[in-house]
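Student: Numbering (our numbering), first residue to last: 1 to 589. I'd like to ask you about the structure that follows.
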Amino acid sequence: VHTAPGHGQEDYIIGLKYGLPVFAPVDEKGVFTEEAGKYAGIPIFDSNKIVTEDLDKAGALLKLDFISHSYPHCWRCKEPVFFRGTEQWFASISGFRQVMLDAIKEVTWIPSWGIDRITNMVKDREDWCISRQRIWGVPIPLFYCDDCGDAIINKDTTAHIAEVFRQEGSDAWWARDVKDLLPENFVCPKCGGTQFTKEKDIMDVWFDSGVSHASVLQQRDDLGWPADLYLEGSDQHRGWFQSSLSTSAAVFNTAPFKSVLTHGFVVDGEGKKMSKSLGNVIEPRQVIERYGADILRMWVASSEYRADIRVSPDILKQLSDAYRRIRNTARFILGNLKDFDPAVDTVAYSDLTEIDQWVLYKLAKLSDRVREAYRQYEFHIVYHSIYQFCSVELGGFYLDVLKDRLYCDLPNGLERRSSQTAMHAVLVELVKLIAPMMAFTADEIWQHLPKTDDIKSVHLTRWDQLPDDYYNEAIEKNWSKMLEVRHLVTKALEEARSDKKLGSSNDAVITIIGSKEHISQLQPFADSLSMLYIVSDVKLVTADEDDDEIEVVVELAEDEKCHRCWRRLDSVGKMSDKHICKRCHDVIM
């Protein structure tokens with residue numbers, strides 16, 4: 001086993017310790033240089049056999065055998081990587097490391113563990129290798145004197161090059177002769193020489209991006225410095241986040257950002273890294289063409305981005321179903337606002353029915369939760385909160401209950417206008433809440449929403465605080481028992497349907513048997529329970545024993561079915577020969 005300080009990190013460290021020369025007779029093409037003597041010009045991977053034959057001829061080969069062992073390979077081309085020691089340019093971190101560590105503490109890190117990750121990386125770092133051996137990139141503005149070999153870089157040469165770059169771009173380094181890149185009549189400060197060679201290395205690309213806070217934010221009047229937020233993957237604590245922090249701390253003694261958010265990487269449905277060779281890559285364009293851009297945006301918002309983010313056709317299918325739930329909720333409300341003019345038909349909050357005040361309370365709580373989630377970059381909370389509101393509070397209860405009132409009451413009746421007022425307020429706020437997540441759908445809804453202003457796009461509106469009246473905690477307390485019992489009623493109705501005892505819930509008469517306390521909590525709703533439970537009638541019975549259990553009895557209503565509202569009421573047939581109830585008769589007559 002050999003020790004080659006010029007061809008391995010561990011060997012290099014050993015070489016420094018024991019004073020071994022850093023001998024690296026291989027060029028950038030992987031071919032032996034003149035320093036290799038008789039092996040000069042031979043590609044490194046062709047030399048094994050030749051060297052082995054020479055060892056055998058010299059009697060120095062004791063045994064020849066072949067083994068397989070792990071070895072670093074390029075992740076792109078899959079070829080083995082050969083290490084060689086080269087001259088590089090370094091920037092010392094030690095002079096401003098403490099400034100970096102202090103600045104880190106003033107930044108908001110999202111997730112919070114980001115502060116520990118970058119702190120640990122910075123506190124043990126000594127140098128930054130700022131040179132790279134590539135043929136593209138921003139050059140290191142440095143010259144070598146042909147006479148004495150001295151490396152030249154100072155304020156005068158750098159200022160001159162900066163002006164050239166400002167006029168022509170950094171490609172001027174490669175396009176222009178060296179004399180055009182130096183100040184007129186420039187001579188070597190060390191020996192007075194007049195012939196120079198340009199540096200071939202480029203700057204580390206992390207330096208390019210790391211100074212973007214100065215080259216972009218500080219150069220544009222419409223932008224501010226420091227940045228509100230830096231956003232990138234979790235590998236950038238070592239990359240862009242740190243290079244930006246380093247350059248800013250060195251020059252401005254502070255961080256270039258107020259907050260830093262880091263996220264995981266996109267993987268397939270099984271958690272495997274996406275790769276073209278594996279054939280598991282899902283292109284954004286494919287998603288947009290099949291589902292639309294808002295589904296792609298919803299997928300991002302619904303994901304817990306702190307870890308790796310999974311995507312698959314099944315996941316996208318589930319999200320498309322959720323998208324339709326939200327869209328159809330808005331569509332239902334819009335359909336029932338067709339004859340509603342908010343400037344004329346809006347009902348004052350104090351005159352709204354309790355169910356409408358209840359939904360506005362739920363809206364206020366949703367709005368607070370979603371707005372705070374946006375502020376904290378908790379986008380999955382935004383998605384799940386909005387989806388639940390549309391599917392549970394609205395679709396599962398409020399809008400379902402309202403159908404009778406919306407379809408069967410007097411068009412200008414107080415109760416119908418009350419519900420339209422509440423639905424309008426719900427949709428105005430809801431469309432604003434979904435706008436960052438479902439940008440196109442939100443704007444489409446906005447175009448059809450009755451409004452009192454001429455704002456053309458939801459994205460031009462303000463997120464004003466909802467009225468204080470909406471935050472009516474008493475509503476939630478009063479309605480909790482009624483909603484709790486509603487779950488029991490819904491379950492009992494489903495069981496009756498399964499047993500073929502009834503079809504529509506409006507065919508049922510419900511008897512609720514409970515303790516005196518339970519019945520007293522439901523008594524204030526006595527006149528509206530049939531509407532809230534979507535049945536023809538509800539009877540409240542106090543149990544003989546003070547039992548905490550509530551019993552729900554479902555019976556088939558005996559009265560005739562109203563042909564208009566489908567409820568079975570004793571008034572059907574008494575008003576006329578149209579087989580409708582008294583309420584419907586009064587509306588149409």
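We put the beta carbon where it would ideally sit given N, CA and C, even for glycine. Note that the coordinates shown come from a computational prediction; the quantities given were computed from them, not determined experimentally.
List the whole-angstrom C-beta distance separating D404 from M531, where the pair is believed to meet the contact cut-off of C-beta under 8 Å.
Tutor: Position 404 of the sequence shown, counting from 1, holds the residue named residue 404. Position 531 of the sequence shown, counting from 1, holds the residue named residue 531. Right, their Cβ atoms sit about 6 Å apart.
Student: When you compare only the Cα positions, how much space is there between E484 and N280?
Tutor: For the purposes of this step, residue 484 is taken as the residue at position 484 of the sequence shown. For the purposes of this step, residue 280 is taken as the residue at position 280 of the sequence shown. Whole-angstrom Cα-Cα distance: 46 Å.
Student: For I434, which option in D339, L20 and R327 has the closest C-alpha, if you only look at C-alpha atoms?
Tutor: Within the sequence shown, the letter at position 434 stands for residue 434. Nearest C-alpha to I434: R327.
Student: Could you tell me which residues DSSP pairs with F143 in its beta bridges?
Tutor: Counting from one through the sequence shown, the residue named residue 143 turns up at place 143. I152 and K198.
Student: Mind reading off the beta-carbon distance from C191 to C145? Whole number of angstroms is fine, and I expect it under 8 Å.
Tutor: Against the sequence shown, residue 191 aligns to sequence position 191. Against the sequence shown, residue 145 aligns to sequence position 145. With a Cβ gap of about 6 Å, C191 and C145 count as contacting.
Student: Does DSSP put H213 in a helix, in a strand, or in coil?
Tutor: In the sequence shown, residue 213 corresponds to position 213, counting from 1. Helix at H213.
Student: Drop a sphere of 10 angstroms on the beta-carbon of K362, count the other beta-carbons inside from all chains shown, and report buried for 16 or more, exposed for fewer.
Tutor: On the sequence shown, position 362 is the one that residue 362 refers to. Label assigned to K362: buried.
Student: Go to K582, then tell me how far its alpha helix (DSSP H) extends in each direction, as first and last residue.
Tutor: On the sequence shown, residue 582 is found 582 positions in, with the first residue counted as 1. Counting along the chain, the alpha helix (DSSP H) containing K582 begins and ends at K582 to I588.
Student: Can at least three beta-carbon pairs, one atom from the segment 123-132 and one from the segment 176-183, be found at a separation below 8 Å?
Tutor: No: fewer than three Cβ pairs fall under 8 Å.
Student: Measure the CB-CB distance between D268 and V311 and report whether it falls below 8 Å.
Tutor: The count along the sequence shown starts at 1 and reaches residue 268 at position 268. The count along the sequence shown starts at 1 and reaches residue 311 at position 311. Yes. Within cutoff.
Student: Residue ranges of each beta strand (DSSP E) run of no fewer than 3 residues wholly in the segment 474-533, ordered along the chain?
Tutor: Entirely contained in the segment 474-533, the beta strand (DSSP E) runs reaching 3 residues are, in chain order, 508-514.
Student: Taking L402 as the reference, give the member of L414, Q388, S419 and S391 with the closest Cα.
Tutor: On the sequence shown, residue 402 is found 402 positions in, with the first residue counted as 1. For L402, the nearest C-alpha among the options comes from S419.
Student: Are G85 and P25 close, meaning C-beta to C-beta below 8 Å?
Tutor: Residue numbering aside, residue 85 sits at position 85 when the sequence shown is read from its first letter. Residue numbering aside, residue 25 sits at position 25 when the sequence shown is read from its first letter. The answer is no: Cβ separation not under 8 Å.
Student: Using a Cβ-Cβ cutoff of less than 8 Å, which residues in the same chain neighbour R562 once the five nearest sequence positions on both sides are dropped?
Tutor: Taking the first residue of the sequence shown as position 1, residue 562 is located at position 562. Checking the sequence shown, residue 562 turns out to be Cys, not Arg. The residues are R568, L569, V572, H579, I580, C581 and C584.
Student: Output needed for P111: all residues of its chain with C-beta closer than 8 Å, excluding positions within five of it in sequence on either side, in chain order.
Tutor: Counted from its first residue, the sequence shown places residue 111 at position 111. Within the same chain, P111 has close Cβ partners T262 and R306.
Student: For the alpha helix (DSSP H) holding D56, just list the boundary residues, first then last.
Tutor: The residue labelled residue 56 in the question sits at position 56 within the sequence shown. Here the alpha helix (DSSP H) through D56 covers S47 to K57.
Student: If R369 and S391 are in contact, beta carbons under 8 Å, what's the gap, nearest whole angstrom?
Tutor: Mapped onto the sequence shown, residue 369 falls at position 369. Mapped onto the sequence shown, residue 391 falls at position 391. With 8 Å as the limit, R369 and S391 do not qualify as a contact, their Cβ atoms being about 16 Å apart.
Student: Does DSSP put H563 in a helix, a strand or coil?
Tutor: Taking the first residue of the sequence shown as 1, we reach residue 563 at position 563. Three-state result, H563: coil.
Student: Using a Cβ-Cβ cut-off of 6 Å (strictly less than) and excluding sequence neighbours within five positions of T542, which residues of its own chain qualify?
Tutor: Mapped onto the sequence shown, residue 542 falls at position 542. Excluding positions up to five away in sequence, the list reads K516 and I519.
Student: Given that a residue counts as buried once 16 or more other Cβ atoms are within 10 Å of its Cβ, and exposed if not, what is K481?
Tutor: Position 481 of the sequence shown, counted from the first residue, corresponds to residue 481. So K481 counts as buried.
Student: Determine the direct distance from the alpha carbon of Y533 to that of A526, and round the result to whole angstroms.
Tutor: Here the question's residue 526 lines up with position 526 in the sequence shown. Here the question's residue 533 lines up with position 533 in the sequence shown. When rounded, the distance between both Cα atoms is 11 Å.
Student: Quick one: measure Cβ to Cβ for S243 and W206, integer angstroms, because I've assumed they're closer than 8 Å.
Tutor: Translated into positions along the sequence shown, residue 243 becomes position 243. Translated into positions along the sequence shown, residue 206 becomes position 206. Rounded, the Cβ-Cβ distance is 4 Å, consistent with contact.
Student: Are the beta-carbon atoms of V538 and A496 separated by less than 8 Å?
Tutor: The residue labelled residue 538 in the question sits at position 538 within the sequence shown. The residue labelled residue 496 in the question sits at position 496 within the sequence shown. No.
Student: Runs of 4 residues minimum, wholly inside the segment 206-274: which ones carry the alpha helix (DSSP H) assignment?
Tutor: Taking only runs of at least 4 residues, the alpha helix (DSSP H) segments lying wholly in the segment 206-274 are 240-252.
Student: Whose C-beta lies closer than 7 Å to the C-beta of V164 among residues of the same chain, with five residues either side of it excluded?
Tutor: Working through the sequence shown from its first residue, we reach residue 164 at position 164. Same-chain partners within the cutoff: A172 and L181.
Student: Which residues in the same chain have their Cβ closer than 7 Å to the Cβ of T461, if we skip the five residues on either side of it in sequence?
Tutor: Residue numbering aside, residue 461 sits at position 461 when the sequence shown is read from its first letter. Counting only Cβ-Cβ distances below 7 Å, and skipping sequence neighbours, we find K432 and I455.
Student: I'd like the span of the beta strand (DSSP E) that includes W113, first residue to last.
Tutor: The residue given as residue 113 occupies position 113 in the sequence shown. W113 -> no beta strand (DSSP E), and no H or E assigned at all.
Student: Residues in the same chain with beta-carbon distance under 7 Å from G233, minus the five sequence neighbours each way, listed in chain order, please.
Tutor: The residue labelled residue 233 in the question sits at position 233 within the sequence shown. T262, H263 and F265, listed in sequence order.
Student: For V552 versus V489, is the C-beta distance shorter than 8 Å?
Tutor: Position 552 of the sequence shown holds residue 552. Position 489 of the sequence shown holds residue 489. Cβ distance < 8 Å, so V552 and V489 count as in contact.
Student: Roughly how many angstroms separate the alpha carbons of K338 and P450, rounded to a whole number?
Tutor: One-based indexing of the sequence shown puts residue 338 at position 338. One-based indexing of the sequence shown puts residue 450 at position 450. C-alpha separation (whole angstroms): 8 Å.
Student: Taking its Cβ as the centre, do 16 or more other Cβ atoms sit within 10 Å of N336, making it buried, or is it exposed?
Tutor: Within the sequence shown, the letter at position 336 stands for residue 336. Buried, by the Cβ-count rule.
Student: Since A557 and S528 are thought to touch, with beta carbons under 8 Å apart, how far apart are those beta carbons, to the nearest angstrom?
Tutor: Position 557 of the sequence shown, counted from the first residue, corresponds to residue 557. Position 528 of the sequence shown, counted from the first residue, corresponds to residue 528. A557 to S528, Cβ: 18 Å. No contact.
Student: How long is the line joining the alpha carbons of R331 and T254, rounded to whole angstroms?
Tutor: Sequence index remark: in the sequence shown, residue 331 carries index 331 (1-based). Sequence index remark: in the sequence shown, residue 254 carries index 254 (1-based). Approximately 50 Å, taken between the alpha carbons.
Student: Let me know if D341 comes out buried or exposed under the rule of 16 or more other beta-carbons within 10 Å of its beta-carbon.
Tutor: The sequence position of residue 341 within the sequence shown is 341, counting from 1. When all chains shown are included, D341 counts as exposed.
Student: Since E451 is in the beta strand (DSSP E), which residue starts that stretch and which ends it?
Tutor: To locate residue 451, count along the sequence shown from 1; it is residue 451. In the sequence under discussion, the amino acid at residue 451 is Lys, which differs from the Glu named in the question. Taken as a continuous stretch (DSSP letters only), K451 belongs to no beta strand (DSSP E), as it is neither H nor E.
Student: List the endpoints of the continuous alpha helix (DSSP H) containing S419.
Tutor: The count along the sequence shown starts at 1 and reaches residue 419 at position 419. Element bounds for S419: L414 to I434.
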